[in-house]
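Asks: Mind looking over this structure? Questions follow.
There are 2 protein chains.
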Amino acid sequence: MMKLLILGCHSATPRENKHTTSQLLDINGSMFLIDCGEGTQMQLRKSKVKFSQIKNIFISHLHGDHFYGLIGLISTFRLLGRESPLNVYGPKGIKEIITLQLKFSKSWTNYPLNFHELSSTQSECIFEEDGIKVETIPLDHRIYTNGFLFTSESEKRKINTAVTDKYNLSPFHFSQLQKGMSINLEDGSIIKNKFLTLLPDPPLKYAYCSDTLYHEPLIEKIRKVDFLYHESTFLEIHSELALKTKHSTALQAAKIAKKANVKKLMLGHFSNRYSDKQVFIDEAKIEFNNVILAEDLKTFMI
Amino acid sequence: MMKLLILGCHSATPRENKHTTSQLLDINGSMFLIDCGEGTQMQLRKSKVKFSQIKNIFISHLHGDHFYGLIGLISTFRLLGRESPLNVYGPKGIKEIITLQLKFSKSWTNYPLNFHELSSTQSECIFEEDGIKVETIPLDHRIYTNGFLFTSESEKRKINTAVTDKYNLSPFHFSQLQKGMSINLEDGSIIKNKFLTLLPDPPLKYAYCSDTLYHEPLIEKIRKVDFLYHESTFLEIHSELALKTKHSTALQAAKIAKKANVKKLMLGHFSNRYSDKQVFIDEAKIEFNNVILAEDLKTFMI
Numbered sequence: 078m079m080k081l082l083i084l085g086c087h088s089a090t091p092r093e094n095k096h097t098t099s100q101l102l103d104i105n106g107s108m109f110l111i112d113c114g115e116g117t118q119m120q121l122r123k124s125k126v127k128f129s130q131i132k133n134i135f136i137s138h139l140h141g142d143h144f145y146g147l148i149g150l151i152s153t154f155r156l157l158g159r160e161s162p163l164n165v166y167g168p169k170g171i172k173e174i175i176t177l178q179l180k181f182s183k184s185w186t187n188y189p190l191n192f193h194e195l196s197s198t199q200s201e202c203i204f205e206e207d208g209i210k211v212e213t214i215p216l217d218h219r220i221y222t223n224g225f226l227f228t229s230e231s232e233k234r235k236i237n238t239a240v241t242d243k244y245n246l247s248p249f250h251f252s253q254l255q256k257g258m259s260i261n262l263e264d265g266s267i268i269k270n271k272f273l274t275l276l277p278d279p280p281l282k283y284a285y286c287s288d289t290l291y292h293e294p295l296i297e298k299i300r301k302v303d304f305l306y307h308e309s310t311f312l313e314i315h316s317e318l319a320l321k322t323k324h325s326t327a328l329q330a331a332k333i334a335k336k337a338n339v340k341k342l343m344l345g346h347f348s349n350r351y352s353d354k355q356v357f358i359d360e361a362k363i364e365f366n367n368v369i370l371a372e373d374l375k376t377f378m379i
Numbered sequence: 078m079m080k081l082l083i084l085g086c087h088s089a090t091p092r093e094n095k096h097t098t099s100q101l102l103d104i105n106g107s108m109f110l111i112d113c114g115e116g117t118q119m120q121l122r123k124s125k126v127k128f129s130q131i132k133n134i135f136i137s138h139l140h141g142d143h144f145y146g147l148i149g150l151i152s153t154f155r156l157l158g159r160e161s162p163l164n165v166y167g168p169k170g171i172k173e174i175i176t177l178q179l180k181f182s183k184s185w186t187n188y189p190l191n192f193h194e195l196s197s198t199q200s201e202c203i204f205e206e207d208g209i210k211v212e213t214i215p216l217d218h219r220i221y222t223n224g225f226l227f228t229s230e231s232e233k234r235k236i237n238t239a240v241t242d243k244y245n246l247s248p249f250h251f252s253q254l255q256k257g258m259s260i261n262l263e264d265g266s267i268i269k270n271k272f273l274t275l276l277p278d279p280p281l282k283y284a285y286c287s288d289t290l291y292h293e294p295l296i297e298k299i300r301k302v303d304f305l306y307h308e309s310t311f312l313e314i315h316s317e318l319a320l321k322t323k324h325s326t327a328l329q330a331a332k333i334a335k336k337a338n339v340k341k342l343m344l345g346h347f348s349n350r351y352s353d354k355q356v357f358i359d360e361a362k363i364e365f366n367n368v369i370l371a372e373d374l375k376t377f378m379i
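This is the structure in structure tokens:
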């Protein structure tokens, strides 16, 4: 199960009801925070998220609208009495920025704060635990930037109901079957797992790509993902500005989605110059039909 | 004229409708920002403040709830195309923190950003312009902290209406009189300024004291000010916690106000543990009667 909560999906500067980038990805109950613009902790409170559930934070790049809220969140964890470790994955420099501020405020965290600094321009696997894997997606922006590919391998075998319906099985039996175990019936007979189950679901994949210029090399990395978030700061009428600032247009995001043959595309990182967001959908649909808009404080099933 | 807009008056961590410390002081149209907790730029937008009007920012100390919003505001000024200089007054270290973040984001400001770093433990005058003076008020907190005393000298002489009512004077005449000039009447006669005016109003004084332990040495500096903001993070029931964290209680703030013989006291920097703020007033009134509560997004005339 993957559930994506958009905490902020606007670019540049935060405004009332227009928060800068942050997302909370829930994979089978494990919470991954992706980027952390100013005010993210307030958005988390509004969403009634339990702060202690966040164990891993991924920062794409060191532009303010993607990480100025990180130091505040780290400080708040301390004030809330956090004891469990926090892992921060982000570009080289992030450790220096955070620790400098902790130094001057004499507010060292009383929980382990582990930095995993990134500097490779090649995709690398940076997290692997409980069937969940996170790999970087190198992007092309004004400064060193990574997107992130989240993969969740399903470990549970699927129940073959066409067969199990013939038996009178208990919930305990079903739980055993999902784990790959064979079961003992009351009459003493044993039925092997393979006769009652099917292979687990294919892995679920979520790709987060922000911020980036139209960048075809990333296509290979995100091919056929279930859900792609791709920035679309601009519309085509501002394509020159997109090029200059190394951002994408809605049409370009859709081209990437189409070429990578993804199942669904979400657009976000909108410039504040556009009041009507429907135009982003209209423009993207020229290339790719299954497209939706990110929206602050809204949750999406992947 | 002094007008104080409270942008945030809560301590520790920002929550919805409970913003951390920031205030905007308007002295005859000049805007002074005092402290800048996370999300201050969003509070400024809600208050419809014109960002370009802010030319001077005063940071009391380097705890997050007083300055984590500064880097975001500085970045937003750049994105808004600011050209006029910005002056930041704050503890030694503030320049390193801000410039490190600008370095990693490759986002140097295209307006002059001047840091005035403070390290003296004695009161000093750090700003003087157009009859407005700002002096530091050394406080006693866990890290190096200053309050700020704002003094506005009125340069305009007061019209002595008991006398001017005898003449048929124009608005232009009144303007000349306020500037200290003598006036020419239509019949050719001259009336000297001193016969028509009184001395200017005494200077207006606003003292900002946050964060601090109960600290009697500051009394001399704030004697008889028109308006004192003094932190009261806690109530007396938590006086041990106040001592341990080097904060004040409402009663202690009132004692300072009484001993300094100030005209009015405002309490703020409330801990999130108290839902009913009226108790702060009740406790303070034991020592000092003219006391009010700070409130986010509310404006007060000084």
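Those protein sequence lines, which keep their order, are chains E and U. When the count follows the working numbering, it moves up by one through the first sequence with no breaks and lands on 379 for the last residue. When the count follows the working numbering, it moves up by one through the second sequence with no breaks and lands on 379 for the last residue. All C-beta atoms in this analysis are idealised placements derived from N, C-alpha and C, irrespective of residue type, glycine included.
#1: Specify, as a first and last residue, the run of the alpha helix (DSSP H) that residue 142 (chain U) falls within.
#2: Identify the continuous alpha helix (DSSP H) that holds residue 78 (chain U) and give its terminal residues.
#3: Please report how far the alpha carbon of residue 250 (chain U) lies from the alpha carbon of residue 207 (chain U), in whole angstroms.
#4: Would you mind working out which of E:336, E:145, E:223, E:187 sits nearest residue 166 (chain E), comparing C-alpha positions?
#5: Just checking: is the beta-carbon of residue 376 (chain E) within a distance shorter than 8 Å of some beta-carbon in chain U?
#6: Classify residue 133 (chain U) as buried or exposed, calling it buried when 16 or more other Cβ atoms lie within 10 Å of its own Cβ.
#7: Residues in its own chain within less than 6 Å of residue 93 (chain U) by CB, not counting five upstream and five downstream?
#8: Is the Cβ-Cβ distance between residue 304 (chain U) and residue 343 (chain U) less than 8 Å?
#9: Using a Cβ cut-off of 9 Å, which residues of the segment 299 to 332 of chain E contact any Cβ in chain U, in chain order?
#10: Just curious, the alpha helix (DSSP H) that residue 254 (chain E) is in, first and last residue?
#11: If I follow the unbroken beta strand (DSSP E) through residue 206 (chain E), where does it start and stop?
#12: Cβ of residue 145 (chain U) less than 8 Å from any chain E Cβ?
#13: DSSP state of residue 212 (chain U), grouped into three classes?
#14: Put residue 288 (chain U) into one of helix, strand or coil per three-state DSSP.
#15: Judging by CA-CA distance, which residue of U:209, U:217, U:245, U:234 is the nearest neighbour of residue 281 (chain U)?
#16: Can you list, in chain order, the residues of its chain with a C-beta nearer than 7 Å to that of residue 148 (chain E)? Leave out the 5 residues immediately preceding and following it.
#17: With H, G and I counted as helix, E and B as strand and the rest as coil, what does DSSP make of residue 199 (chain U)?
#18: Out of U:202, U:107, U:270, U:296, point me to the one whose CA is closest to residue 238 (chain U)'s CA.
#19: Could you pull the DSSP bridge partners for residue 168 (chain U) from this structure?
#20: With 8 Å as the threshold, decide whether the Cβ of residue 183 (chain E) is near any Cβ in chain U.
#21: Could you check the C-alpha separation between residue 330 (chain E) and residue 221 (chain E) for me, to the nearest Å?
#22: Suppose you measure from the CA of residue 351 (chain U) to the CA of residue 309 (chain E); what does that come to, to the nearest Å?
#23: Closer than 8 Å is the cut-off here; do at least three beta carbon pairs connect the segment 181 to 192 of chain U with the segment 149 to 163 of chain U?
#24: Quick one: list the residues of chain U neighbouring residue 350 (chain E), beta-carbon separation under 8 Å, in chain order.
#25: Please state if the CB of residue 299 (chain E) and the CB of residue 274 (chain E) are separated by a distance shorter than 8 Å.
#26: Strictly below 7 Å CB to CB, what residues from chain U border residue 123 (chain E)?
#27: Compute the distance between the beta-carbons of residue 116 (chain U) and residue 98 (chain U), then report whether it is under 8 Å.
#28: Checking contacts by CB at 8 Å: is residue 343 (chain E) closer than that to chain U?
#29: Could you tell me which chain E residues have their CB closer than 8 Å to the CB of residue 140 (chain U), listed as they occur along the chain?
#30: Going by beta-carbon coordinates alone, are residue 217 (chain U) and residue 143 (chain U) separated by less than 8 Å?
#31: Please check if any C-beta of chain U sits within less than 8 Å of the C-beta of residue 148 (chain E).
#32: Can you grab the Cα-Cα spacing for the pair residue 353 (chain U) / residue 359 (chain U), in whole Å?
#33: Since residue 357 (chain E) is in the alpha helix (DSSP H), which residue starts that stretch and which ends it?
#34: How many Å lie between residue 219 (chain U) and residue 322 (chain U) at the Cα?
#35: Counting along the chain, where does the alpha helix (DSSP H) carrying residue 343 (chain U) start and finish?
#36: Against chain U, with Cβ distances strictly below 8 Å, would residue 116 (chain E) count as a contact?
Replies: Straight from the coordinates:
#1: Residue mapping note: residue 142 (chain U) aligns to position 65 of the second sequence, counting from 1. First-last of the alpha helix (DSSP H) with residue 142 (chain U): 141 to 144.
#2: Position 1 of the second sequence, counted from the first residue, corresponds to residue 78 (chain U). No alpha helix (DSSP H) holds residue 78 (chain U); DSSP gives it neither H nor E.
#3: Sequence index remark: in the second sequence, residue 250 (chain U) carries index 173 (1-based). Sequence index remark: in the second sequence, residue 207 (chain U) carries index 130 (1-based). If you take the alpha carbons of residue 250 (chain U) and residue 207 (chain U), they lie about 23 Å apart.
#4: As a working mapping, residue 166 (chain E) is identified with position 89 in the first sequence. Of the candidates E:336, E:145, E:223, E:187, E:223 places its Cα closest to the Cα of residue 166 (chain E).
#5: On the first sequence, position 299 is the one that residue 376 (chain E) refers to. By this cut-off, residue 376 (chain E) is not an interface position.
#6: The residue labelled residue 133 (chain U) in the question sits at position 56 within the second sequence. Buried is the call here.
#7: Stepping through the second sequence from its first residue, residue 93 (chain U) is reached at position 16. Around residue 93 (chain U): no qualifying Cβ.
#8: Locating residue 304 (chain U) in the second sequence gives position 227, counting from the first residue. Locating residue 343 (chain U) in the second sequence gives position 266, counting from the first residue. Yes, these two residues count as a Cβ contact at 8 Å.
#9: none
#10: Within the first sequence, the letter at position 177 stands for residue 254 (chain E). 248 to 255 is the span of the alpha helix (DSSP H), which, as asked, contains residue 254 (chain E).
#11: For this step, residue 206 (chain E) is matched to residue 129 along the first sequence. Note, residue 206 (chain E): beta strand (DSSP E), 202 to 206.
#12: Within the second sequence, the letter at position 68 stands for residue 145 (chain U). Yes, residue 145 (chain U) counts as interfacial toward chain E.
#13: Reading the second sequence from its first residue, position 135 is the one you call residue 212 (chain U). Residue state, collapsed to three classes: strand.
#14: Taking the second sequence and counting its residues from 1, the one referred to as residue 288 (chain U) is at position 211. Coil.
#15: Locating residue 281 (chain U) in the second sequence gives position 204, counting from the first residue. Out of U:209, U:217, U:245, U:234, U:209 has the C-alpha closest to the C-alpha of residue 281 (chain U).
#16: Along the first sequence, one-based indexing puts residue 148 (chain E) at 71. 175, 178.
#17: As a working note, residue 199 (chain U) is residue 122 in the second sequence. In the structure shown, residue 199 (chain U) sits in coil (DSSP, three-state: anything other than H, G, I, E or B).
#18: In the second sequence, residue 238 (chain U) corresponds to position 161, counting from 1. The shortest Cα separation from residue 238 (chain U) among U:202, U:107, U:270, U:296 belongs to U:270.
#19: For the purposes of this step, residue 168 (chain U) is identified with residue 91 of the second sequence, where counting begins at 1. BP columns for residue 168 (chain U) point to U:195.
#20: Translated into positions along the first sequence, residue 183 (chain E) becomes position 106. For residue 183 (chain E), the answer is yes, since a Cβ of chain U falls inside 8 Å of its Cβ.
#21: Start at 1 with the first residue of the first sequence, and residue 330 (chain E) comes out as number 253. Start at 1 with the first residue of the first sequence, and residue 221 (chain E) comes out as number 144. Rounded to the nearest angstrom, the two C-alpha atoms are 20 Å apart.
#22: Locating residue 351 (chain U) in the second sequence gives position 274, counting from the first residue. Locating residue 309 (chain E) in the first sequence gives position 232, counting from the first residue. A straight line joining the alpha-carbon of residue 351 (chain U) with that of residue 309 (chain E) spans about 43 Å.
#23: yes
#24: Start at 1 with the first residue of the first sequence, and residue 350 (chain E) comes out as number 273. Simply none; closest approach about 12 Å.
#25: Numbered from 1 along the first sequence, position 197 holds the residue referred to as residue 274 (chain E). Numbered from 1 along the first sequence, position 222 holds the residue referred to as residue 299 (chain E). For residue 274 (chain E) and residue 299 (chain E), no; Cβs fall outside 8 Å.
#26: Along the first sequence, one-based indexing puts residue 123 (chain E) at 46. The contacting residues are 93.
#27: Within the second sequence, residue 116 (chain U) is the residue found at index 39, counting from 1. Within the second sequence, residue 98 (chain U) is the residue found at index 21, counting from 1. In this structure, residue 98 (chain U) does not lie closer than 8 Å to residue 116 (chain U) by Cβ.
#28: Position 266 of the first sequence, counted from the first residue, corresponds to residue 343 (chain E). Chain U contact via Cβ: absent.
#29: Against the second sequence, residue 140 (chain U) aligns to sequence position 63. Here the neighbours are 182, 184.
#30: The residue labelled residue 217 (chain U) in the question sits at position 140 within the second sequence. The residue labelled residue 143 (chain U) in the question sits at position 66 within the second sequence. For residue 217 (chain U) and residue 143 (chain U), no; Cβs fall outside 8 Å.
#31: Position 71 of the first sequence, counted from the start, is the residue given in the question as residue 148 (chain E). Yes, residue 148 (chain E) lies at the interface with chain U (some Cβ there is under 8 Å from its Cβ).
#32: Numbered from 1 along the second sequence, position 276 holds the residue referred to as residue 353 (chain U). Numbered from 1 along the second sequence, position 282 holds the residue referred to as residue 359 (chain U). Rounded to whole angstroms, residue 353 (chain U) to residue 359 (chain U) spans 11 Å at the Cα level.
#33: Counted from its first residue, the first sequence places residue 357 (chain E) at position 280. Looking at the DSSP string, the run of the alpha helix (DSSP H) that includes residue 357 (chain E) is 355 to 361.
#34: Residue 219 (chain U) sits at position 142 when you count from the first residue of the second sequence. Residue 322 (chain U) sits at position 245 when you count from the first residue of the second sequence. Residue 219 (chain U) and residue 322 (chain U): Cα-Cα distance of roughly 7 Å.
#35: Here residue 343 (chain U) corresponds to residue number 266 of the second sequence, with the count starting at 1. In the DSSP assignment, residue 343 (chain U) falls outside any alpha helix (DSSP H) and within the unbroken beta strand (DSSP E) covering 342 to 345.
#36: Residue mapping note: residue 116 (chain E) aligns to position 39 of the first sequence, counting from 1. In terms of beta-carbon proximity, residue 116 (chain E) lines the interface with chain U, with at least one pair separated by less than 8 Å.
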